[in-house]
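To start, the structure under review is shown below, and the notes come after it.
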Amino acid sequence: MAVSVRIPTILRTYTDGASVVEASGDTLTTVLDDLDARFPGLRARVVDDAGALRRFVNVYVNDNDVRFSDGLATPVGDGATVSVIPAVAGG
Amino acid sequence: MSLIASPPRATSPAQAPPSVGNATALVCRECGERQPLTAGYVCAECFGPLEVGYQLPALRRAVIEAGPQSMWRYAPLLPVAPEITERGGLQPGWTPLVRADRLARELGVRRLWVKDDSANPTHPFKDRVVAIALEAAERLGFGTVACASTGNLANAVAAAAARRGLRSVVFVPSDLEAGKIVTTAVYGGTLVAVNGSYDDVNRLCSEVAAEQDWGFVNVNLRPYYAEGSKTVGYEVAEQLGWRTPDAVVSPVASGSLLTKVDKAFRELAATGLVEATPYRVFGAQATGCSPVAAAFRAGHDVVRPVRPDTIAKSLAIGNPADGPYALDVVRRTGGAIGDVSDAEIVEGIRLLARTEGLFAETAGGVVVATYVKLLAQGLVDPDAETVLLNTGDGLKTLDAVAPVARPTATIDPSYAAFTATGLED
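Here the protein sequences line up with chains F and W, keeping their order. Using the numbering used here, read the first sequence as starting at 1275 and increasing by one per residue. Using the numbering used here, read the second sequence as starting at 96 and increasing by one per residue.
So this is what it looks like as C-alpha cells:
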C-alpha cells in the first residue's frame, strides 16, 4: 500500500533533500523497512538497536502519535501520511 | 600642517559582528556532538536535544550586583552579547523573592520563599526565555518570530516582537482561556488558533518550522530560549545572599524550567559565585497532565505521553520534551515529583493569595498545592528552606477561581443592610 512519509530536515540527507517521499507497507515497521531499502541507514536514525522508537523522535500516522496506538506495529492504511518529527520542541 | 584626528568609525549594532558572549557551541545532551551556534535544535547524529555550551570566565559578585535590574545582570552566563542591555526589548527578570512567613506558619514549616515571576513585563517567566530567543533570532537574521504556546508564551512573544519591531506568528490551542487570547492578540501580531491540544500545536509548529524561514522560539531557537530559564535560578541564589536554598519546587510542563534552575545552581557553584551546597529539586504537575510525576513514581526514566485534561492549561503538555531530564535532576538531587487535582490547584491559588497577597495563575496553584501534598507525604523536609516558583499571574486564569472567589455579601447601600450581614466587629 502506498503512503507518503514526511521527512524531518535532519534526515533529508538520506532522501536527496526531499521533504516528502512515497513508501509502501501496511504497518509502520514495514514502511520503515521499505524506506531503509531505498534510503539505506534511515531506519536506524528512527529506531534504536533494540528495535524501539528512539527517545527523541515522534512518529505520527495521519496526525496520531503512534505512542498512543501500537508503536511500530501501528497499521498504516493506503494513502496514509506518516510524519517523522523531532520530539524536542515546545514548552 | 594641522593634524586632524579622524572621527571614530561609527558602528551601529546592525554592523557589529554578532556576538554570543561566552557561548561557544551547541552541544548534544545525549551524545556530546558539538555544532555551531546556528538555528539548530536537534543533534544531526542522534536526534538528541542541543544545549548551549560556554567557556565561562571567573565572575565576581560585585560586578553582577552593579549590573542592570533585569535578567541581563547575568549576561556573561547567557548566549548574548555583553551590550545586551543597550538593545532594547522588554528587560524581564529581577522579580521579587517574597519571604512567605505567613504561608510558612500556616503549613508549619521553617522558612519559605516565593519567587514571584508574575512581576515580569507580560507576567509569566516566559518573558525571560523570549528575550534570549529574540536576541538569537535577530543575530541569525530571522525577521519573523513564532511559537507554539499554551498562552503565556504567546503573550510574551507577541509583546517582545512588537517592542523590537519583528513580525510574530503565534500558534495556540483554540480552547485557550479567553484572557490569554486577548493578551496575545492585542499586540497586533498574527495569532493562529488551532483546533487541537497543545501537543497538536507543537507538532504542527515543528512541521512549519522545517519549511518556513521563521525563528520559532521553542523549536529551532529552543537551545537559546531555554537558557533564559536559568536566570530564575541565578536570581533566587543572589536574592538569598549568594547561596542556593535547601529545596526548590518548580512547575513541570515541558520540564525545561526545572532542569535550567538546576543548571543555574550548578553554574553558580562552578564559577565560584556560590558555595556548592546540597539542594533538592521538586517538580509539580496537575494530575490531569502528570506524565512526568507518573514516570517518577513508576521508576521510569522515559515519559509516556498523555492526553491532558486539567484547568492548569499552561502546564498541559502531554508529551514533555525535557521530561527525561527533569526526572534525572529530581532523582540526582533527592527530590520528588508530585501532582494535584484541579480542586487542589484552586485551593493552592487561594492559600497563597490569602496568606501572602500573591495571586498566582493555575501553574502557581499547582506548585503550592504540590508542596502541601509533598509535605503531608513526608517527601519534603519541613525544616528545609524552600523556594516555590510562581511562574504566572492569576489575572490570566480568572475562570479557575471565579466560582469560589465571590463577594462575602451583596447588600443595599444602607447601614441597616450592612449590620444585617453580621460583618460588624
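Ideal Cβ positions, reconstructed from N, Cα and C, are used throughout, including at glycine.
query                                                                                                                  : result
Near-chain W residues of the segment 1330-1346 of chain F (beta-carbon distance less than 9 Å), N- to C-terminal order : Phe1330, Val1331, Asn1332, Tyr1334, Asp1337, Asp1339, Arg1341 and Phe1342
Spatial neighbours of W/Thr180 in its chain, beta-carbon cut-off 6 Å, leaving aside the 5 residues before and after    : Pro163 and Trp167
Per-residue burial, W/Tyr510 [other beta carbons within 10 Å of its own, 16 or more giving buried]                     : exposed
F/Ile1281 beta carbon less than 8 Å from that of F/Ser1293                                                             : yes
Minimum Cβ-Cβ distance from W/Gly143 to chain F less than 8 Å                                                          : yes
Interface flag, W/Asp379 vs chain F, CB-CB below 8 Å                                                                   : The amino acid occupying residue 379 of chain W in the given sequence is Ala; Asp does not appear at that position. For W/Ala379, the answer is no, since every Cβ of chain F falls outside 8 Å of its Cβ.
Cβ-Cβ distance between W/Tyr319 and W/Ala231 below 8 Å                                                                 : yes
Residues of the segment 392-425 of chain W whose Cβ lies closer than 8 Å to any Cβ of chain F, in chain order          : Val397, Arg399, Pro400, Arg402, Ile412, Asn414, Pro415, Ala416, Asp417 and Pro419
Interface residues of chain F facing W/Glu302 [CB-CB closer than 9 Å]                                                  : Arg1280, Pro1282, Ser1357 and Ile1359
Whole-angstrom distance between W/Ala455 and F/Tyr1288, CA atom to CA atom                                             : 49 Å
Inter-residue CB distance, F/Ser1357 and W/Glu306 (contact presumed, cutoff 8 Å)                                       : Not quite, the Cβ-Cβ distance comes to about 12 Å (not below 8 Å), so this is no contact.
DSSP state of W/Ser213 mapped onto helix, strand, coil                                                                 : helix
Environment of W/Ser244 [buried if 16+ CB atoms lie within 10 Å]                                                       : buried
Within chain F, the residues that W/Ser349 reaches when beta carbons sit closer than 7 Å                               : Gly1364 and Gly1365
Own chain partners of W/Thr119 with C-beta closer than 7 Å, once the 5 adjacent residues on each side are dropped      : Gly148, Tyr149 and Gln150
Proximity below 8 Å, CB of W/Phe266 to CB of W/Cys242                                                                  : yes
Within-8 Å CB hit, F/Arg1317 to chain W                                                                                : no
Selection of the segment 205-220 of chain W by Cβ proximity to chain F, strictly under 9 Å                             : none
Distance cut-off 7 Å: W/Gly162 Cβ against heavy atoms of the ligand ATP                                                : For the structure depicted, the ligand ATP is absent and the ligand set is empty, with no information on it obtainable.
Residues near W/Ala280 by beta carbon distance below 6 Å, same chain, minus five either side                           : Leu286
Chain W within 8 Å of F/Arg1312, Cβ atoms only                                                                         : no
Boundaries of the beta strand (DSSP E) in which W/Ala393 is found, first to last residue                               : Careful: W/Ala393 lies outside any beta strand (DSSP E), inside the alpha helix (DSSP H) at Pro386 to Ala393.
Coarse secondary structure for W/Asp437, derived from DSSP in three states                                             : helix
Exposure label - W/Cys126; buried when at least 16 CB within 10 Å                                                      : exposed
Nearest to W/Val346 (by Cα), restricted to the options W/Thr481, W/Arg259, W/Pro340 and W/Asn485                       : First, the residue type needs correcting, since residue 346 of chain W is Pro and not Val in the sequence shown. Checking every option, the nearest Cα to that of W/Pro346 belongs to W/Asn485.
Where W/Val496 falls: helix, strand or coil (DSSP)                                                                     : helix
Alpha-carbon spacing of W/Val425 relative to W/Val122, whole angstroms                                                 : 22 Å
Three or more C-beta pairs below 8 Å linking the segment 307-318 of chain W and the segment 427-439 of chain W         : no
Three-state secondary structure assigned by DSSP to W/Leu474                                                           : coil
Buried versus exposed, by CB contacts within 10 Å (16 or more), W/Gln472                                               : exposed
As assigned by DSSP and simplified to three states, the class of F/Asp1322                                             : coil
Own chain partners of F/Leu1346 with C-beta closer than 6 Å, once the 5 adjacent residues on each side are dropped     : Leu1302 and Thr1303
Stretch pair the segment 374-383 of chain W + the segment 405-419 of chain W: three plus CB contacts closer than 8 Å   : yes
Distance between W/Val376 and F/Ala1363 (C-alpha atoms, nearest Å)                                                     : 23 Å
Chain F contact for W/Tyr136 (CB, 8 Å cutoff)                                                                          : yes
For W/Arg197 and W/Glu519, the rounded distance between their alpha carbons                                            : 25 Å
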